[in-house]
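Student:
Pasting the structure below:
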């Protein structure tokens with residue numbers, strides 16, 4: 001596998017930092033983007049050899065996206081600004097129309113996966129949880145983000161959803177699926193950030209999906 | 001009715017130029033935006049007192065949108081770039097999140113309207129026409145644009161679709177609907193640019209719809 005230029009948006013977050021580490025471990029050239037200079041400095045201390053860019057992803061000039069082989073959108077924000085998930089995806093798409101490079105990997109939530117005999121959306125279950133008004137805007141926005149992406153036929157995008165519980169932790173053996181929420185043999189629906197990172201890098205190095213979303217879980 | 005600042009994107013097109021004329025006739029301050037300086041000069045000759053801005057709408061700074069009371073998106077392009085309909089809508093929305101002003105009026109096609117006993121989409125009929133590959137990307141993109149807009153709850157937007165045949169011509173008496181393709185008593189499904197312009201200005205002056213799409217036809 002040749003060395004690739006990989007840019008990670010939201011590089012200091014739970015998913016983003018795991019992806020940065022996995023990409024460096026595999027010998028790729030990594031640009032870690034995040035808004036906080038302090039958080040980036042902490043990440044650079046932990047992961048040697050990365051380039052850091054303290055920037056609002058909405059202010060990045062289109063040329064910077066074009067310079068990458070792959071862009072991973074692991075952007076995260078608070079529920080009051082959940083719509084920024086959608087706006088960043090529409091912006092990246094608008095700037096990359098008609099291109100095949102970079103590949104853009106969108107980390108989506110589990111909310112847009114289907115579950116149950118009636119194939120309802122996970123986000124509909126999440127909405128029924130007590131206190132869901134405190135967070136529901138995030139899975140709702142990521143579902144809208146996926147619906148938008150599904151209409152995009154002239155950008156090289158792929159989406160990846162974790163399982164219902166997405167937490168920090170090292171990679172495990174992996175279960176893969178497409179649009180249905182996964183559970184392992186023990187009945188858990190769980191994905192570690194490490195498992196997600198391995199899935200993201202596997203997909204970047206050896207593309208198996210194009211203009212679609214898939215899901216990964218811990219086995 | 002007080003004088004409003006109205007910006008029209010695609011001001012030199014069939015719909016845009018009719019909307020500019022109707023707005024000026026009603027005493028509003030109009031900024032006519034289009035890419036062609038020549039076409040704008042011709043419009044300014046025909047309609048006295050407008051401001052013109054020869055610009056790619058994607059290059060307009062956010063402040064310019066905020067300065068308007070209403071922005072009318074009458075953008076038009078060739079089918080090879082039909083996705084620009086979507087990208088302009090997502091861009092305007094991203095720049096106006098969390099605002100109530102300006103009101104943004106999106107001129108959408110008839111393709112996203114429903115028709116027939118089974119309520120199928122007009123775009124599905126259009127796709128079956130001979131030679132539809134030459135134009136279908138436009139109604140398809142405007143349908144995706146509307147689906148995107150329907151997810152937007154924190155921008156003051158409204159969409160307006162004409163009937164199946166949308167042509168130049170003066171305003172007539174008007175039929176109004178919501179999501180179903182309209183026909184008049186003679187069985188025609190027709191909207192003139194003049195009728196569209198009256199509907200747009202009526203809606204801007206006296207808002208009747210919010211974060212939804214309606215349709216107008218010639219009676």
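Residue numbers (the working numbering), protein chains in the order written: chain U, 1 to 219; chain Y, 1 to 219. Here a beta-carbon is modelled for each residue, glycine too, at the ideal position from N, C-alpha and C. These figures come from a predicted structure and were not determined experimentally.
Would you list, in sequence order, the uninterrupted beta strand (DSSP E) runs of no fewer than 3 residues that lie entirely inside the segment 102-133 of chain Y?
Tutor: Segments of the beta strand (DSSP E) lying fully in the segment 102-133 of chain Y: 103-107.
Student: I want to verify the contact list: residues of chain Y whose CB lies under 7 Å from the CB of residue 94 of chain U, in sequence order.
Tutor: Under the 7 Å cutoff, chain Y gives 87, 90 and 91.
Student: In the segment 28-63 of chain Y, which residue ranges form an unbroken beta strand (DSSP E) of at least 3 residues, counting only runs that do not cross its ends?
Tutor: As far as the segment 28-63 of chain Y is concerned, its whole beta strand (DSSP E) runs of at least 3 residues are 29-34 and 51-54.
Student: Keeping to the same chain, check which residues put their C-beta closer than 7 Å to that of residue 20 of chain U; ignore five residues upstream and five downstream.
Tutor: Cβ within range, chain order: 8, 11, 30, 32, 43, 47 and 50.
Student: Taking only beta-carbon atoms, is residue 135 of chain Y less than 9 Å away from chain U?
Tutor: No, its Cβ sits nowhere closer than 9 Å to a Cβ of chain U.
Student: Could you confirm whether any beta carbon from chain U is found closer than 9 Å to the beta carbon of residue 104 of chain Y?
Tutor: Taking Cβ atoms only, chain U never reaches closer than 9 Å to residue 104 of chain Y, which makes this a no.
Student: Which runs of the beta strand (DSSP E) spanning at least 3 residues fall entirely within the segment 172-208 of chain Y, listed in chain order?
Tutor: If we require 3 residues or more, the beta strand (DSSP E) runs fully inside the segment 172-208 of chain Y come out as 174-177 and 190-192.
Student: Do residue 168 of chain Y and residue 195 of chain Y count as a contact pair if the criterion is CB distance below 9 Å?
Tutor: No, Cβ-Cβ distance for residue 195 of chain Y and residue 168 of chain Y is not below 9 Å.
Student: Do residue 136 of chain Y and residue 79 of chain Y have their C-beta atoms within less than 9 Å of each other?
Tutor: The answer is yes: Cβ separation under 9 Å.
Student: Give a yes or no on contact between the segment 185-201 of chain Y and the segment 157-165 of chain Y, applying the rule of three or more CB pairs nearer than 8 Å.
Tutor: The segment 185-201 of chain Y, when compared against the segment 157-165 of chain Y, does touch it at the 8 Å Cβ threshold.
Student: Any C-beta of chain U sitting closer than 9 Å to the C-beta of residue 59 of chain Y?
Tutor: Chain U, which has no Cβ nearer than 9 Å to the Cβ of residue 59 of chain Y, makes this no.
Student: What is the residue span of the alpha helix (DSSP H) that residue 90 of chain Y lies within?
Tutor: Per DSSP, residue 90 of chain Y belongs to the alpha helix (DSSP H) from 83-96.
Student: Taking only beta-carbon positions, decide if residue 122 of chain U is within less than 9 Å of chain Y.
Tutor: No, because no Cβ of chain Y sits closer than 9 Å to the Cβ of residue 122 of chain U.
Student: DSSP three-state call for residue 20 of chain U: helix, strand or coil?
Tutor: If DSSP states are grouped into helix, strand and coil, residue 20 of chain U belongs with the helices.
Student: Excluding the 5 residues flanking residue 13 of chain U on each side, which residues of the same chain have their C-beta closer than 7 Å to its C-beta?
Tutor: Counting only Cβ-Cβ distances below 7 Å, and skipping sequence neighbours, we find 74 and 76.
Student: Do residue 93 of chain Y and residue 152 of chain Y have their C-beta atoms within less than 9 Å of each other?
Tutor: Taking 9 Å as the Cβ cut-off, residue 93 of chain Y and residue 152 of chain Y qualify as a contacting pair.
Student: How long is the line joining the alpha carbons of residue 115 of chain U and residue 4 of chain Y, rounded to whole angstroms?
Tutor: Each residue's alpha carbon lies about 50 Å from the other.
Student: Residues of chain Y with CB under 8 Å from residue 154 of chain U, in chain order?
Tutor: In chain order: 83.
Student: Could you compute how far the alpha carbon of residue 109 of chain Y sits from the alpha carbon of residue 15 of chain Y?
Tutor: Taking the straight line joining both Cα atoms gives about 11 Å.
Student: Could you pull the start and end residues of the beta strand (DSSP E) that residue 161 of chain U belongs to?
Tutor: Where residue 161 of chain U is concerned, the enclosing beta strand (DSSP E) stretches over 157-161.
Student: Which residues in the same chain as residue 155 of chain U place their Cβ atom closer than 7 Å to its Cβ, once the five residues preceding and following it in sequence are excluded?
Tutor: Around residue 155 of chain U: 93, 96, 97, 99 and 104.
Student: Mind pulling the chain Y residues with CB within less than 7 Å of residue 148 of chain U?
Tutor: Correct list: 148.
Student: I think residue 172 of chain U touches residue 219 of chain U, with their Cβ atoms under 8 Å apart; what is that distance to the nearest whole Å?
Tutor: Right, the Cβ-Cβ distance comes to about 6 Å (below 8 Å), so this counts as a contact.
Student: Closer than 9 Å by beta-carbon distance: list the chain U residues that pair up with residue 97 of chain Y, in chain order.
Tutor: By Cβ distance, chain U contributes 81, 83, 84 and 87.
Student: Just how far apart, CA to CA, sit residue 185 of chain Y and residue 206 of chain U?
Tutor: Roughly 60 Å separates the two Cα atoms.
Student: Please state the DSSP three-state secondary structure of residue 136 of chain Y.
Tutor: Residue 136 of chain Y: coil per DSSP, three-state reduction.
Student: Please determine, among U:41, U:133, U:38 and U:61, the residue with the shortest C-alpha to C-alpha distance to residue 82 of chain U.
Tutor: With distances taken between Cα atoms, residue 82 of chain U lies closest to U:133.
Student: CA-CA distance, residue 27 of chain Y and residue 211 of chain Y?
Tutor: Looking at the two C-alpha atoms, the distance is approximately 26 Å.
Student: From which residue to which residue does the beta strand (DSSP E) around residue 68 of chain Y run?
Tutor: No beta strand (DSSP E) holds residue 68 of chain Y; DSSP gives it neither H nor E.
Student: For a quick check, are the C-beta atoms of residue 191 of chain U and residue 166 of chain U less than 9 Å apart?
Tutor: Yes.
Student: Note down, in chain order, every chain Y residue with its Cβ under 7 Å from the Cβ of residue 250 of chain U.
Tutor: Since the first residue of chain U shown is 1 and the last is 219, residue 250 of chain U is not available in this structure.
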